[in-house]
Amino acid sequence: MALLFLYWGMMILGYIIGAKCRNIKEKLSRVGTLLFIAIFSLVFIMGVRMGSNEEVVSNLGSIGVDAFFMTVVILAGSVIAVIVTRKLLRIDRYGEILQAQPDLEALDKPHDPGDEKTDQEDNSKMITIAILGAVVSGLLCGHFFVEKIFPDYGYFETLTGNAMVVGICLLLFFVGVDFGLSGTIINSLRKAGFRVLVFPIVIVIGSLVAAFLCGLVMPISQKEALAIGAGFGWYTMAPIVITEQGYAIAGAISFMHNIMRELAGIVLIPFVAKKIGYIEATSLPGVAAMDMCIPLIERICGEKIVIYSFLVGMLQSALVPVLVPLIISL
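Residue numbering for the sequence shown follows my numbering, beginning at 111 and increasing consecutively.
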């Protein structure tokens, strides 16, 4: 919880500074570039940590297949839940409320397809490829070089863990600066209204329903499947709780699934945003939606979608410590 306040504080600080610097906005045009350098650096470090973790590498067999299956089904369940809710609330794929009469302002929507469609598609493809490249290179470096460079693995974990916290703080600070420079985030919140609170709830429901369905066809109980799904990408907590209750296989599947959910979420955000919808993209990474993925959401989907992303991640972070122990102890 302390990290949550730290991250949110860094974004607010960045917003205040950005708002004060609107008169020199042109001179700060490189903030977006700094954001992406930070994103790729963090994704690379995450890949290195995963590649160097023997537990991750050793679980890439049958447990990895089960975890992959659950990840695909749960991501699909989350996205479908958002699509259905979005249709019911009459919100288009760009997060805008559909109107009965044509709105002249809609003609100027920055994220609508039109003359910029090709540029947006090319940008999404480049971002996806770059993120995949950072992840793969990080995995390879972690697997082949970390043990040689860092004989003390505990020191390496502490060092990279601290580096990721600092990196996320910088990321969110720059996001705040970007918001402050544009000055439209408050208006976006007012336009979203109560709808912004609905989507985090339906994403949780969609994830849990999908996890329960996985339990019907997998060699684990529905209870175990639900507990795994309730991890929402928090791979440092959910697997430990499940394993401590005596469910070793489910704990291993949970560990792999939650890693896969965060990683797949980061990689798939550009694709899902372009092909399906902006709010749907926020449903993918789980708890990472409130910190590490915010800059990516802001760049791909626009700042009006960031509030959805933050609330999705915040609700899931609050629910993991409650739902996982509750479900697995039933």
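The beta carbon of each residue, even a glycine, is placed where N, CA and C say it ideally should be.
Where the alpha helix (DSSP H) through Arg305 begins and ends:
Segment 305-327, the alpha helix (DSSP H) holding Arg305.
Would you grab the beta carbon distance between Ser427 and Ile313 for me? Rounded to a whole angstrom, and I think it's under 8 Å.
That belief does not hold up - the Cβ atoms of Ser427 and Ile313 are roughly 13 Å apart, past 8 Å.
Rounded to the nearest angstrom, what separates Leu145 and Val194 at their Cα positions?
Taking the straight line from one Cα to the other gives about 32 Å.
Look at the alpha carbon of Asp401 and the alpha carbon of Ile330, and state the distance between them as a whole number of angstroms.
Whole-angstrom Cα-Cα distance: 32 Å.
Checking 8 Å against the spacing of the C-beta atoms, do Phe154 and Gly248 come in under that value?
Going by C-beta atoms, Phe154 is nearer than 8 Å to Gly248.
Per DSSP, which one or two residues make a beta bridge with Ile201?
Ile207, per the DSSP bridge assignment.
What does the alpha-carbon distance come out to for the pair Val327 and Val182?
Looking at the two C-alpha atoms, the distance is approximately 14 Å.
How is Trp344 classed by DSSP in three states: helix, strand or coil?
Trp344 falls in the coil class under three-state DSSP.
Asn368 classed as buried or exposed, judged by whether at least 16 other C-beta atoms fall within 10 angstroms:
Under this definition Asn368 is a buried residue.
Please report the straight-line C-alpha distance between Glu164 and Asp288, rounded to a whole angstrom.
Roughly 39 Å separates the two Cα atoms.
According to DSSP, simplified to helix, strand and coil, what is Pro53?
Missing from the structure shown is residue 53; the chain here goes from 111 to 440 and no further.
For Pro395 and Ile376, believed in contact at Cβ under 8 Å, the rounded distance:
Between Pro395 and Ile376 the Cβ distance is about 6 Å, and since that is below 8 Å, they are a contact.
Whole angstroms is fine: what's the gap from Lys333's alpha carbon to Cys403's?
Looking at the two C-alpha atoms, the distance is approximately 29 Å.
Okay, do the segment 403-422 and the segment 200-208 touch, 3+ Cβ pairs below 8 Å being the bar?
A contact between stretches requires three or more CB pairs, one per stretch, nearer than 8 Å, and the segment 403-422 meets this requirement with the segment 200-208.
Distance check for Leu152 and Ile237, CA to CA, integer angstroms please.
Distance between the alpha carbons of Ile237 and Leu152 is about 14 Å.
Cβ atoms of Val416 and Glu408: under 8 Å apart, would you say?
The Cβ-Cβ distance between Glu408 and Val416 falls below 8 Å.
Taking 6 Å as the limit between beta carbons, can you name the residues of its chain near Ala337, skipping five residues before and five after?
Hits under 6 Å: Ile352, Val434, Ile437, Ile438.
If you follow the alpha helix (DSSP H) that Leu281 is in, where does it begin and where does it stop?
That run of the alpha helix (DSSP H) goes 263-292.
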